[in-house]
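Here the sequence shown is numbered in the UniProt record's numbering, starting from 1 and rising by one per residue.
Cβ coordinates follow ideal geometry from the N, Cα and C atoms, glycine included.
First the structure, in the form of structure tokens, and then the observations on it.
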Amino acid sequence: MDPLVDLFSEESDEKKKSDSLPPEVEEGNIEYKLKLINPSASRFEHLVTQMKWRLQEGQGEAIYEIGVADNGSLLGLNTKELQMSLDTVMRMAHKLGANGSVLRKREISPPESDEKLWVAEVMVRKVPDDQQVQYEFLDVRVAVLGNMEAGKSTLLGVLTQGELDNGRGKARLNLFRHLHEIQSGHTSSISLEIMGFTPLGEVVNYGTHSDVEDICEASAKLITLIDLAGHQKYLKTTVFGLSSCRPDFVLLVVGANSGVVGTTCEHLGFCVALKVPMAVVVSKIDLCSKEKVEQVVKKLETLLTNPGCNRVPRRIATDNDVYSTAHNFKESNICPIFLISNVTGQNLELLTRFFNAVPKYRLSDELERKEAEFQVDEIYSVPEVGVVLGGTLTRGTMRAGDEVQVGPTEDCSFFKTKIMSIHRHRSPCRLIKAGQAATLALYGIDRSLMRKGMVVLDIGETSRAHALCSWKLVANVFLIHHTGSGIKKGYQTTLYVSAMMQTVTVEQVEAEEETLRQSQRGRIHFRFQRHPAFLRVGWRLLFRDGQSRGMGEIVQITKGSTKPKRTPSPKRTPSPSRP
Numbered sequence: 001m002d003p004l005v006d007l008f009s010e011e012s013d014e015k016k017k018s019d020s021l022p023p024e025v026e027e028g029n030i031e032y033k034l035k036l037i038n039p040s041a042s043r044f045e046h047l048v049t050q051m052k053w054r055l056q057e058g059q060g061e062a063i064y065e066i067g068v069a070d071n072g073s074l075l076g077l078n079t080k081e082l083q084m085s086l087d088t089v090m091r092m093a094h095k096l097g098a099n100g101s102v103l104r105k106r107e108i109s110p111p112e113s114d115e116k117l118w119v120a121e122v123m124v125r126k127v128p129d130d131q132q133v134q135y136e137f138l139d140v141r142v143a144v145l146g147n148m149e150a151g152k153s154t155l156l157g158v159l160t161q162g163e164l165d166n167g168r169g170k171a172r173l174n175l176f177r178h179l180h181e182i183q184s185g186h187t188s189s190i191s192l193e194i195m196g197f198t199p200l201g202e203v204v205n206y207g208t209h210s211d212v213e214d215i216c217e218a219s220a221k222l223i224t225l226i227d228l229a230g231h232q233k234y235l236k237t238t239v240f241g242l243s244s245c246r247p248d249f250v251l252l253v254v255g256a257n258s259g260v261v262g263t264t265c266e267h268l269g270f271c272v273a274l275k276v277p278m279a280v281v282v283s284k285i286d287l288c289s290k291e292k293v294e295q296v297v298k299k300l301e302t303l304l305t306n307p308g309c310n311r312v313p314r315r316i317a318t319d320n321d322v323y324s325t326a327h328n329f330k331e332s333n334i335c336p337i338f339l340i341s342n343v344t345g346q347n348l349e350l351l352t353r354f355f356n357a358v359p360k361y362r363l364s365d366e367l368e369r370k371e372a373e374f375q376v377d378e379i380y381s382v383p384e385v386g387v388v389l390g391g392t393l394t395r396g397t398m399r400a401g402d403e404v405q406v407g408p409t410e411d412c413s414f415f416k417t418k419i420m421s422i423h424r425h426r427s428p429c430r431l432i433k434a435g436q437a438a439t440l441a442l443y444g445i446d447r448s449l450m451r452k453g454m455v456v457l458d459i460g461e462t463s464r465a466h467a468l469c470s471w472k473l474v475a476n477v478f479l480i481h482h483t484g485s486g487i488k489k490g491y492q493t494t495l496y497v498s499a500m501m502q503t504v505t506v507e508q509v510e511a512e513e514e515t516l517r518q519s520q521r522g523r524i525h526f527r528f529q530r531h532p533a534f535l536r537v538g539w540r541l542l543f544r545d546g547q548s549r550g551m552g553e554i555v556q557i558t559k560g561s562t563k564p565k566r567t568p569s570p571k572r573t574p575s576p577s578r579p
């Protein structure tokens, strides 16, 4: 468990809680320091090396707890000692090309002393200075879900434009991509917006900078906000966006005036199925009484604590709540709940500070050292450039000029090409690492051969690519909802796995009476109907159609590149001609 959860809790309960933390651990980006007063030259170099390690663990971010012993005891420092220790931390950060900012201070009062003592928390963030990788920044991807008219697009407009809404949806207009979205006020596609933070934690958005390139250049940390549709008829687009964009966490928006209605519970189920961390925003609190807001929050807390969801809801009301929750967000089942208004701006600062403090999900170093694997979720044809693929690098690293292979094609083969250029948020770069989203411009490939769900691999991984490419898969599944008599052999549904969405046929059901019914678990053999897929054991999947909703995990990939035979449709009997 992250030690920061018990360090800073609600102000009213702080004095009642234990003044100690779990012992410091070697892994992670959190460091305890009792005092750092006038260290010698050799000691200072050792401290700098230690900070460099913590920054690497946090992918450019580190948290320093000052006034805390290695065993977790909150001993505190007087005002002079605290300031001298903070100055040393800032010097260490400057030595590594980073900046430090004090997130918060806390006063403690030991019973044996009348002197006021303090502990402080410092955020150290690396300043982007790599000249070989232009605009190198920490990128946290946040998918925004919720029922229609919950205020998702309006919230994103307020965060990214830096201006409050007028109460009639003015803030959301810049996010819509189609005319019918502006006319109806409902998002129907996947829209990406960004906001950033400087090394000192200052907000960077379109209110302070004119375009995407300026925001990326000024930011040390970037928040990519993925606006997904809330209407039921666009549900397949929402599921595809959630599966393919691989967000670090989900922001579930619930309108205080309408409550938990429509697709809210379904979106919540998708987060649980894909095991994505989640935060909840209750919007439009300016339109409702305190009693109504409390009713909605209690309903959410009941849903989140259900055995199927198994989350720990926590209401965010102070800065201490923000930081203690943010640092522990990814390693626990904590689900923060924010109560905000896009019109009055109430509590929006708490949500912004949460974005600044929340860490990015850290991929293992072993995964970054593996062969490159890029999942394709968008395909563009750019004049004078050619085919450009958008997606996420899930393994390894890629550089401009690398020779790669793209596939699979209909016969499970891959064709070779070369990366001409790489862009991240419209800014050119030479290198991307595992976990980063980017676009790749490829040399000399036919647009008609490309489709979403394909992968871009290292050129030397031909044998591995063929081994993981198949028309069939076996998955352990849980049938969440089904209106019929159950899923049997021959049943067809739409399967979502990684960046792929495709119709599949059930070839075998390993369950009682070879039928999987609602709320039952079983093993199903699926077969793709249109194209083979690149798959991995352990990937999470979703399937849905008009009758059923289910989730599962791939346990086996059946070898074979034979395309399924299509059953010819019966010939129609010609109607008799009219006299």
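With 16 other Cβ atoms within 10 Å as the buried cut-off, status of residue 78: The residue you call residue 78 lines up with position 78 of the sequence shown. By the Cβ neighbour-count rule, residue 78 is exposed, with fewer than 16 other Cβ atoms within 10 Å of its own.
Residue nearest to residue 468 in terms of C-alpha spacing, selected from 559, 403, 446: Locating residue 468 in the sequence shown gives position 468, where the first residue counts as 1. Minimum Cα distance to residue 468 is reached at 559.
Which of helix, strand or coil DSSP assigns to residue 53: One-based indexing of the sequence shown puts residue 53 at position 53. Secondary structure at residue 53: helix, using DSSP grouped into helix, strand and coil.
Short Cβ contact (7 Å threshold) for residue 138 with residue 232: As a first step, residue 138 is located in the sequence shown; it is residue number 138 there, counting from the start. As a first step, residue 232 is located in the sequence shown; it is residue number 232 there, counting from the start. Their beta carbons are not under 7 Å apart, which means residue 138 does not touch residue 232 by this criterion.
At least three beta-carbon pairs within less than 8 Å, the segment 266-284 to the segment 144-161: Taking 8 Å as the limit for Cβ pairs, the verdict is that the segment 144-161 does touch the segment 266-284.
Environment of residue 135 [buried if 16+ CB atoms lie within 10 Å]: In the sequence shown, the residue the question calls residue 135 occupies position 135. Note on residue 135: pLDDT 47, under 50, position unreliable in the model; no value is reported.
Contact under 7 Å by Cβ, residue 121 with residue 65: One-based indexing of the sequence shown puts residue 121 at position 121. One-based indexing of the sequence shown puts residue 65 at position 65. Yes. Within cutoff.
First through last residue of the alpha helix (DSSP H) which encompasses residue 294: For this step, residue 294 is matched to residue 294 along the sequence shown. Residue 294 -> alpha helix (DSSP H) spans 290-304.
Expected contact under 8 Å - CB spacing of residue 514 and residue 488 to nearest Å: Along the sequence shown, one-based indexing puts residue 514 at 514. Along the sequence shown, one-based indexing puts residue 488 at 488. Their Cβ separation, rounded to whole angstroms, is 6 Å, which keeps residue 514 and residue 488 in contact under 8 Å.
Exposure of residue 474, with buried meaning 16 or more beta-carbon neighbours within 10 Å: Counting from one through the sequence shown, the residue named residue 474 turns up at place 474. Around the beta carbon of residue 474, 16 or more other beta carbons lie within 10 angstroms, which makes this residue buried.
Contact set for residue 270: own chain, Cβ-Cβ below 7 Å, skip 5 residues either direction: In the sequence shown, counting from the first residue as 1, residue 270 sits at position 270. Here the set comprises 239, 242, 542.
Short CB-CB distance (under 7 Å) between residue 262 and chain C: Absent from the structure is chain C; it holds one protein chain and no more.
Residue 155 burial status per 10 Å Cβ neighbour count (16 or more: buried): Within the sequence shown, numbered from 1, the residue matching residue 155 stands at position 155. So residue 155 counts as buried.
Residue range of the beta strand (DSSP E) that includes residue 429: Counting from one through the sequence shown, the residue named residue 429 turns up at place 429. Going by DSSP, residue 429 is part of the beta strand (DSSP E) stretching over 427-429.
For residue 423 and residue 439, believed in contact at Cβ under 8 Å, the rounded distance: Residue 439 sits at position 439 when you count from the first residue of the sequence shown. Residue 423 sits at position 423 when you count from the first residue of the sequence shown. Confirmed, Cβ separation roughly 5 Å.
C-alpha distance - residue 107 paired with residue 40, whole-angstrom precision: Within the sequence shown, numbered from 1, the residue matching residue 107 stands at position 107. Within the sequence shown, numbered from 1, the residue matching residue 40 stands at position 40. Distance between the alpha carbons of residue 107 and residue 40 is about 29 Å.
Environment of residue 448 [buried if 16+ CB atoms lie within 10 Å]: Here residue 448 refers to the residue found at position 448 of the sequence shown. Note on residue 448: under 16 other CB atoms within 10 angstroms of its CB, so exposed under the neighbour-count rule.
N-terminal and C-terminal residue of the alpha helix (DSSP H) that residue 270 is part of: Start at 1 with the first residue of the sequence shown, and residue 270 comes out as number 270. Its alpha helix (DSSP H) spans residues 264-274.
Segments assigned beta strand (DSSP E), at least 3 residues, entirely inside the segment 79-119: Runs of the beta strand (DSSP E) inside the segment 79-119: 98-108.
Residue 216 versus residue 196: straight-line alpha-carbon distance, rounded: Taking the sequence shown and counting its residues from 1, the one referred to as residue 216 is at position 216. Taking the sequence shown and counting its residues from 1, the one referred to as residue 196 is at position 196. CA-to-CA, the gap between residue 216 and residue 196 works out to about 7 Å.
Given 8 Å, three or more beta-carbon pairs between the segment 365-377 and the segment 329-346: As far as the Cβ criterion goes, the segment 365-377 does not touch the segment 329-346, which means the pair count is below three.
DSSP three-state assignment for residue 485, whether helix, strand or coil: By one-based count along the sequence shown, residue 485 stands at place 485. For residue 485, the secondary structure class from DSSP, reduced to helix, strand or coil, is coil.
Where residue 353 sits in the DSSP three-state scheme: The residue given as residue 353 occupies position 353 in the sequence shown. When secondary structure is reduced to three states using DSSP, residue 353 falls in the helix class.
CA-to-CA distance, residue 538 to residue 522, given in whole angstroms: Within the sequence shown, the letter at position 522 stands for residue 522. Within the sequence shown, the letter at position 538 stands for residue 538. Here the C-alpha atom of residue 522 lies approximately 16 Å from the C-alpha atom of residue 538.
For residue 417: DSSP bridge partner residues: For this step, residue 417 is matched to residue 417 along the sequence shown. Answer is 404.
Cβ separation of residue 200 and residue 85, assumed to be a contact under 8 Å, to the nearest whole Å: Along the sequence shown, read from residue 1 onward, the residue named residue 200 stands at position 200. Along the sequence shown, read from residue 1 onward, the residue named residue 85 stands at position 85. With 8 Å as the limit, residue 200 and residue 85 do not qualify as a contact, their Cβ atoms being about 19 Å apart.
Exposure label - residue 415; buried when at least 16 CB within 10 Å: Locating residue 415 in the sequence shown gives position 415, where the first residue counts as 1. When all chains shown are included, residue 415 counts as exposed.
Nearest candidate by alpha-carbon position, reference residue 413, set 466, 307, 96, 236: Sequence index remark: in the sequence shown, residue 413 carries index 413 (1-based). The candidate whose alpha carbon is nearest that of residue 413 is 466.
With 16 other Cβ atoms within 10 Å as the buried cut-off, status of residue 29: Here residue 29 refers to the residue found at position 29 of the sequence shown. Flag for residue 29 reads buried.
8 Å contact criterion, which residue 602 and residue 61 should meet: CB distance rounded: Only positions 1 to 579 of the chain appear in this structure, which leaves residue 602 out of reach.
DSSP-derived helix/strand/coil call for residue 554: For the purposes of this step, residue 554 is identified with residue 554 of the sequence shown, where counting begins at 1. In this structure, residue 554 counts as strand in the three-state DSSP scheme.
Residue 166 classed as buried or exposed, judged by whether at least 16 other C-beta atoms fall within 10 angstroms: As a working note, residue 166 is residue 166 in the sequence shown. Exposed, by the Cβ-count rule.
Beta-bridge partners of residue 475, as assigned by DSSP: For the purposes of this step, residue 475 is taken as the residue at position 475 of the sequence shown. In DSSP, residue 475 forms a bridge with 524, 554.
Whole-Å CB distance - residue 456 paired with residue 404, under 8 Å assumed: Position 456 of the sequence shown holds residue 456. Position 404 of the sequence shown holds residue 404. Contact holds; Cβ gap of about 5 Å.
Cβ pair residue 248, residue 140 closer than 7 Å: Indexing the sequence shown from 1 puts residue 248 at position 248. Indexing the sequence shown from 1 puts residue 140 at position 140. One thing to note: residue 248 has its Cβ within 7 Å of the Cβ of residue 140.
Residue 458, enclosing beta strand (DSSP E) - first and last residue: Here residue 458 is taken as the residue at index 458 of the sequence shown, counted from 1. Run containing residue 458: 455-458, per the beta strand (DSSP E) assignment.
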